[in-house]
Structure formats: structure tokens, C-alpha cells
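Each remark here refers to the structure printed beneath this line.
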Amino acid sequence: HGRPGHASALMAAFAGVFVWDEERIQEEELQRSINEMKRLEEMSNTFQSSGVQHHPPEPKAHTEGSEDSEGREQPWEMVMDKKHFKLWRRPIPGTHLYQYRVFGTYTDVTPRQFFNVQLDTEYRKKWDALVIKLEVIERDVVSGSEVLHWVTHFPYPMYSRDYVYVRRYSVDQENNMMVLVSRAVEHPSVPESPEFVRVRSYESQMVIRPHKSFDENGFDYLLTYSDNPQTVFPRYCVSWMVSSGMPDFLEKLHMATLKAKNMEIKVKDYISAQPLEMSSEAKATSQSSERKKEGSCGPAQIEYA
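Okay, so the sequence shown: first residue is 1 according to UniProt numbering, each after it adds one.
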């Protein structure tokens, strides 16, 4: 079935996303998000300890591509301000779209549980009723990158949307940090279908910082997200859908994590695999056992993170 060409196309897909841009994503964007999370945590802790009501600080407008035609940084606008959940947005220059940023906290589940539930390929289909199809198309055993095909319901009267994207996760035990990055990509195994509207612009990045450890309740997270759902609706309609849909999804994810914890639903432990941070010796043993088992895995992945 044309496997040599297929393999070269897959390698091109990985090169085009996670070799082509890996250093910039990991070293620049992620470091910025980590620094931003620390700043938000410090500000939040300061206000909470003082016991005063506050309007949380806006994230700094420093992500690449956030400048207007005159070089000015686009400001973040607060959309939602809840006790454990803050949502901002800012215009993406030259488009009718917004980029979104969420800073949130959970205290009743562990970072490990929350992280693993996001990544688990089978459990997602059980708790997310919007999923129509969810498959791991390819998996790179060296880097841990996965290409996924995700088809999801959109509100009536819109057609369902489908995404082809590559995701990669990193666990930094030393610095007590977890990262999950996803980005739209093309793949020869998943041509466009007339049944769905293909979303070609999609980026998501989540940084998780435990309050104590990976296995104790409590953590903060910073999620940065943007996509182009290719609707004919005006900007405010799309913004409303995302602004309402993102909190709903995150709460579903939280409840699914609680359910897995309380009912002892078995969820794969992705942290122990650590595809980005593990040593060469660990890679040799882990890849031969854990990764081979995954080779034929089916459904997977994540909506706003």
C-alpha cells in the first residue's frame, strides 16, 4: 500500500512540526509559559494571602505573533474570572480569531491523574460525548510524538469538525513540571472527508505545576490555545463558542479525573514513560516494552489541551 512513500511522508510530517520547530517550541514558547505561570501564581498567592478582592493580572503579551502591524503587542482581555479559573483572550493579528489563555487550579486530584487522563487514548471516548472518532495514526517511539485524527461534534447547525494533529508531552521530574503540546499537521493517511470540515490551524500548550508533588492533590495549570474552526459566523459568535466550550471541557476533564480516581478506573501512567526527559538507558528498556504495546493502539486525545 505504498509503505515507503507513506513512511517518508510521516517523517516529513514529524520533521515539519517537531524537528523543524521543536527547539523554538520547547526553549522559547514553553519557557515563556512557565515564566508566565510563575508570575500568575505569585500574584494570585499575594492577593489571596492579603484577603482582598482582586482582578487578577493580565498575562504579559509576549508570545510570538501577538504584535499588530505597527509592532505593538496585543493586550489580553479577561473573559471569565472565577475563583479557580481565569480566562483571557487576545486578537490574532490579520485574522478574525482570538488566542486564549487559561490559568486554573485544582485541589482534589493529583497532577499525575489529571495529566494521564488527558493523554489516555481509550478513556477519552468514554467521558467525552462530543467525540465521533479518535485514533492514533502514527507513533514515534523515539520522541514520543503521536499523530492523531480526532472528529468532534460542533453545535447545530454546523458540520462536525476533524483535526489531524501531532502531540508531544514532556515530564520534568527535577523541575516539577509537566507539558503537553499539540499542533495541526497534515498526514497522508487522513485525507479530507466531505463529511467533516477539516481544521488546519490548531495549537494547544498546557503547562502543569504541582503544588507539592506529582502524586499529591493540588496543582496549577496554564493553557494557551488557538484554532480556526472555519465557520462563517462572525468573530463574536466564534469567541462565545470557545469561551463557553473551553471551561465546559476542562470541567469535564476534571470530573473524568475525579471519577477515575474515586472508582479506581485504570488509566495508563504516561509520566513513568517520560519520552522527552528519560535517559538513554531508560529509553532502551521502556521502548522495548511499553512502546511496542502501544503500536496497535486505537483512539486518543484531547479537545482544548
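For each residue, glycine too, the CB sits at the ideal point set by N, CA and C.
Measuring only the C-alpha atoms, how far is residue i from residue j?
{"i": "P210", "j": "P111", "result": "6 Å"}
{"i": "S145", "j": "R183", "result": "11 Å"}
{"i": "residue 366", "j": "E122", "result": "Because residue 366 is not part of the residues shown, which for the chain are 1 to 305, the question remains open."}
{"i": "G51", "j": "K86", "result": "Its pLDDT being 49, under 50, G51 is placed unreliably by the model, and nothing is read from it."}
{"i": "R198", "j": "V207", "result": "27 Å"}
{"i": "Q74", "j": "I34", "result": "20 Å"}
{"i": "K259", "j": "G94", "result": "42 Å"}
{"i": "V164", "j": "D140", "result": "16 Å"}
{"i": "K266", "j": "F154", "result": "29 Å"}
{"i": "I132", "j": "D162", "result": "9 Å"}
{"i": "P188", "j": "W127", "result": "29 Å"}
{"i": "D108", "j": "E41", "result": "18 Å"}
{"i": "E135", "j": "L119", "result": "12 Å"}
{"i": "G245", "j": "H84", "result": "17 Å"}
{"i": "N217", "j": "M78", "result": "28 Å"}
{"i": "M263", "j": "H96", "result": "43 Å"}
{"i": "M11", "j": "Y202", "result": "With a pLDDT of only 47 at M11, under 50, the local geometry of the prediction cannot be trusted, and the value read off the model is given with reservation. Using only the alpha carbons, I get a separation of about 20 Å."}
{"i": "Y169", "j": "R89", "result": "24 Å"}
{"i": "E115", "j": "I92", "result": "According to the sequence as given, residue 115 is Phe; it is not Glu. Spanning the two alpha carbons is a distance of roughly 28 Å."}
{"i": "Y156", "j": "E174", "result": "46 Å"}
{"i": "V242", "j": "K252", "result": "15 Å"}
{"i": "K82", "j": "D215", "result": "26 Å"}
Specify, as a first and last residue, the run of the beta strand (DSSP E) that residue i falls within.
{"i": "L130", "result": "Element bounds for L130: n/a, residue is neither H nor E."}
{"i": "L97", "result": "Element bounds for L97: n/a, residue is neither H nor E."}
{"i": "P210", "result": "Y202 to P210"}
{"i": "S143", "result": "No beta strand (DSSP E) contains S143, which DSSP labels as neither H nor E."}
{"i": "S182", "result": "M177 to A184"}
What three-state label does DSSP hand residue i in the structure shown?
{"i": "S170", "result": "strand"}
{"i": "S279", "result": "For S279, the predicted model reports a pLDDT of 37, less than 50, meaning its position is unreliable; a value from the coordinates is still stated below. Coil, per DSSP."}
{"i": "V242", "result": "helix"}
{"i": "F103", "result": "strand"}
{"i": "H84", "result": "coil"}
{"i": "Y221", "result": "strand"}
{"i": "M37", "result": "helix"}
{"i": "E42", "result": "helix"}
{"i": "G123", "result": "Per the sequence shown, the amino acid found at residue 123 is Tyr instead of Gly. Residue state, collapsed to three classes: helix."}
{"i": "M263", "result": "coil"}
{"i": "H187", "result": "coil"}
{"i": "D108", "result": "coil"}
Find out if the Cβ-Cβ distance for the pair residue i, residue j is shorter than 9 Å.
{"i": "S204", "j": "V181", "result": "yes"}
{"i": "R200", "j": "E186", "result": "yes"}
{"i": "F219", "j": "Y106", "result": "yes"}
{"i": "Q99", "j": "S193", "result": "no"}
{"i": "M37", "j": "L222", "result": "yes"}
{"i": "S213", "j": "N176", "result": "yes"}
{"i": "V151", "j": "I137", "result": "no"}
{"i": "V117", "j": "T257", "result": "yes"}
{"i": "M80", "j": "P247", "result": "yes"}
{"i": "K261", "j": "Q113", "result": "yes"}
{"i": "V190", "j": "H149", "result": "yes"}
{"i": "R39", "j": "W76", "result": "no"}
{"i": "M158", "j": "T231", "result": "yes"}
So with Cβ pairs under 9 Å, would you call residue i a contact of chain D?
{"i": "R200", "result": "Note that chain D does not occur in the displayed structure, where there is just one protein chain."}
In the DSSP assignment, find the alpha helix (DSSP H) that holds residue i and state where it starts and stops.
{"i": "P111", "result": "P111 to L119"}
Report the partner residues of residue i according to the DSSP bridge assignment.
{"i": "H149", "result": "E135 and V164"}
{"i": "S226", "result": "E203"}
{"i": "E91", "result": "What sits at residue 91 in the sequence shown is Pro, not Glu. P91 is bridged to Y98."}
{"i": "R32", "result": "In DSSP, R32 forms no bridge with anything."}
{"i": "D269", "result": "DSSP output for D269 lists no bridge partner at all."}
{"i": "V197", "result": "R161"}
{"i": "E216", "result": "None, per the DSSP bridge assignment."}
{"i": "E77", "result": "R89"}
Considering only heavy atoms of the ligand MG, does any lie closer than 8 Å to the CB of residue i?
{"i": "D227", "result": "This structure lacks the ligand MG; in fact it carries no ligand of any kind."}
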